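Okay, so here's the structure we're looking at.
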Amino acid sequence: MDNRSKAGARMPGRRNFIRTTSLAGGGILLGVNFFTACGPDVKMPVDLDSLNYHDFNAYIKIADNGRVTIFSPNPEIGQGVKTSMPMIIAEELDVPWTHVRVVQAPLDTIKYTRQAAGGSQSIRLSWQALRETGAYARQMLVTAAARRWEVDPSDCSTSDGVISNRKGQTLGYGEVVREAALLEAERMKAMDEETADAPEALALKDPKDFKIIGQPVPNVDNHKIVTGQPMYGMDYRTDGMVYAAVLRPPAFGQVLNDFDASQAKAMPGVIDVIRIGAKLKAMMEGMEDRRRLESLGMVGNSDKVVVIARSTWAAFQAKEKVKATWVQESEYEDDAFHDKVLTGLLDHGPMEAQRTDGDIDRAFLEADDIVERTYSSPFLPHNCMEPMNFYADVKETSVHLVGPIQTPEWASGLVADLLGREREAVHLEMTRTGGGFGRRLFGNYVLEAAEISDAVGRPVKMVCTREDDMTMGTYRPAIHYRFRAAIKDGEITGYHIREAAINGNMHHTIPHFFPAGVVDNYQVDTGNYQSNISTGAWRAPHSNFLCFADQNFFDELAERLDKDPIALRREMLAQFKGRDDAHIEYTPERMLGVMDLVLERSGYHHKEQGVYKGLVVYFCHNTYVAQVAEVILEDGFPRVKKITVAVDCGIVVNTFGALNQIEGSIIDGIGHAMFGDFGFEKGKPSSANFDRYRLIRAREVPEIATYFVENDHAPTGLGEPALPPAGAAVAIALQRATGKRMYSQPFVRYFLE
């Protein structure tokens, strides 16, 4: 069995760590976050759509033959929740995995809550609620069977969709689903009349009894993806729909003055060329935090020119023929300017303290030695495989929206504000998303589609080109970090981090990462410059670069102290004092656990001629990750040979999905740290397509060996935590190979000089 097979095996022998809980609200869970289900990639003996399903609650339907449909309210952006979340429900419902299918639900703020994808939070925030949903449905089915048999429900048990009693009698779920649904209706009526008894405690499975959770389950959409079936926003179309291409300002700081569309209108397939922006401006006038909304790339100050055509090709071609004139509204910014303002913030502030422990000034005043280093990162685009697009059909009494979005409720609400409609009048359907990475948290393209449809009075599909995507924002913000450490008598007595960022600063949990709770005199300060360049979340926000700076500084600090980096981590974690600090979420035991596992599995201490290794141990997005990067030199140029990764994300729900997330994150992290170079010249992005923006090539992808720490902790996130350590580990390995310390990204700059 190879490493990946070992990693994908279900972990046996888990202890029961889940407390039995009560379910409020009958069949509908209060506080339920996400509920999804999945359908197998096997042929069913019957047509699933023709079955007579019974609505068990807002999330589960059960047919007379025992087949189960579970609605998936939250967006699927490639992170695999459309598979892993229904696995949780199916596990507690105790049905065979092959009996479950998924249907994507539309936005519904009454039935579901937090219909969003971001921050690697989907599984973490819904783990308990999903389990309770499945367990409650199972409990009601058992109760219905017990009534028919005239026995106590405690005398009954379930297995693979079949209920048994002590007499040996059996009933399939489908045989009692009608009675169970009636029981649920009775409970709901009693609740309305305030005569319902307190709900019984739910019996959740002991993790050691899991049959589905912890197994390698293929993505439920695999067949549709590889056979090209319509499921993405780009695939959506309706009769009478027209296409729109939007011409936006070519530089940040510019606004539209006027345009000549005579040549564009004369082109085949072109219906009209219009101007939009008035409604966006009117909406923003009533908003309190206009500048914040702009900085997140939601909207801009400029009007835009829109080509309406009968095909995307006609719209794209005609857009090139529009002659627009732009005027400067604010200063044009470039890389030199950003470097100057961020360096100025680090040198002189103003800064705001995010965490202050002890007396940082005294620690540095009394230090025998001070180590100080500055690290810098560029802006980065998201480069989702599927460019931004959205469908809108605005009518007098309704608004129909369809497309890929990570924050459907937020986008829907903004469209209602834009058009002056009631929230209930806006109906939004989510498609599968061809990549999000934080870009689709910000639905400016949804607003554009809605305003266009409203203007032309027709259903419209707004579609962006790759050039539109890379030049319209939003971007990972450029950031500078300055690290300082005070050393006294060979020990670290002070640790000071200063962050200077474009538009926004680190998430409020980040200042409490290691070494918070370890170093007595510790401080984190942040400052930002408000730019007219739109920025926003980019996969593993702030941690994606902070980890590189933090871990490389730590490695250099160990060198200055003449200590092994592994020994220094053990020494510092042994001094942990943060157990009573509500802000500190990491624990030294779990951090040491991933470090020990990766050291063992990577053969870190085994010396191999020409192979240079870098170790990183990091905690972010509630998950612990340790990585060892192995680098070799080929004709003087570095190549990443292998990454060994150890992950503690609690219980692994779907090992296939987990491996996909980890490996994808590592490839993404290495590629952008090595090659990702992006900036601005007089307000214009330096790259508009992949001819100038370097991504990692398939031949450059290293071998990746993944291992999971086995425990019974509730699951945490996996979409982001493995990305930040990847570039950091590679940088340390590069230093071992070349003697060069990396203080900025991309690393390729150091080898092309």
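Counting in my numbering, the sequence shown runs from 999 upward without gaps.
For each residue, glycine too, the CB sits at the ideal point set by N, CA and C.
From a predicted model like this one, the values you see are computed outputs, not experimental measurements.
Option nearest residue i by Cα separation, candidates the options
i	options	result
A1144	Q1126, F1678, Q1167	Q1167
I1403	F1546, E1074, A1535	E1074
H1478	Q1521, T1463, R1599, G1525	G1525
Y1616	V1079, L1571, W1147, G1170	L1571
A1262	G1226, V1305, W1125	V1305
M1589	D1562, Y1622, V1614, H1581	Y1622
V1397	K1640, L1128, L1417	L1417
D1553	R1739, V1517, N1620	R1739
K1680	D1153, A1243, E1331	E1331
G1226	N1620, P1700, R1430, I1641	R1430
E1708	L1693, A1547, D1646	D1646
G1212	V1101, D1106, A1103, S1082	S1082
G1634	L1750, N1620, R1697, L1716	L1750
6 Å CB neighbourhood of residue i in its chain, flanking five on each side removed
i	result
N1530	F1250, G1251, S1328
R1558	V1369
D1062	N1050, G1172
L1091	G1132, A1135, R1136
D1798	Any question about residue 1798 goes unanswered here, given that the chain covers just 999 to 1751.
R1637	I1630
H1336	A1476
V1400	Y1234, Y1389, E1427
K1277	L1416, E1449
D1256	T1323
Beta-carbon gap between residue i and residue j smaller than 8 Å
i	j	result
P1722	C1618	yes
R1371	V1522	no
G1132	E1089	yes
L1200	V1174	no
G1409	V1444	It is worth fixing the name first, because residue 1409 is Ala in this sequence and not Gly. Yes. Within cutoff.
V1592	I1668	no
G1078	N1652	yes
H1581	H1505	no
A1712	W1125	yes
W1095	I1210	yes
R1599	Y1741	no
G1492	A1484	yes
S1300	V1253	yes
A1538	V1614	no
G949	E1384	Nothing about residue 949 can be reported from this structure: the residues present for the chain run from 999 to 1751 only.
I1508	Y1527	no
C-alpha gap between residue i and residue j, whole angstroms
i	j	result
P1586	F1574	7 Å
V1609	T1736	11 Å
K1247	V1596	The sequence given here places Pro at residue 1247; Lys does not occur at that position. Roughly 48 Å separates the two Cα atoms.
Q1315	M1265	8 Å
Y1607	L1631	According to the sequence as given, residue 1607 is Gln; it is not Tyr. Rounded to the nearest angstrom, the two C-alpha atoms are 11 Å apart.
E1449	I1274	7 Å
R1577	L1363	29 Å
G1159	R1185	23 Å
V1339	P1228	47 Å
V1303	S1541	37 Å
G1534	A1565	37 Å
D1367	Y1748	28 Å
K1206	A1127	19 Å
V1661	I1702	Residue identity check: residue 1661 is Glu in the sequence provided, not Val. Their backbone Cα atoms lie some 7 Å apart in a straight line.
F1435	P1214	24 Å
S1451	H1670	37 Å
G1411	V1458	19 Å
Interface flag, residue i vs chain D, CB-CB below 8 Å
i	result
L1693	Here there is only one protein chain, and chain D is not present.
Proximal residues to residue i (C-beta, below 7 Å), its chain only, five neighbours per side dropped
i	result
Y1057	F1033, I1068, F1069, T1131
A1731	Y1610, K1611, G1612, A1627, E1628, V1629
V1746	M1672, F1673
H1494	I1358, R1482, Q1521
Opposing strand residues paired with residue i [DSSP bridges]
i	result
Q1326	Q1252
K1209	Answer is none; K1209 lacks a bridge partner.
Y1705	A1644
D1355	Y1520
Q1102	S1070
H1398	D1391, H1425
D1053	K1059
H1478	S1374, A1498
Cβ neighbours of residue i in the same chain (closer than 8 Å, five flanking residues each side left out)
i	result
D1053	K1059, A1179
F1676	P1376, F1377, L1378, P1379, Y1473, P1683, S1684, S1685, Y1691
T1018	Residue confidence is low: T1018 scores 22 on pLDDT, short of 50, so the model does not pin down where it sits. Its coordinate-derived value is still stated next. Closer than 8 Å at Cβ, skipping near neighbours: A1199, L1200, A1201, L1202.
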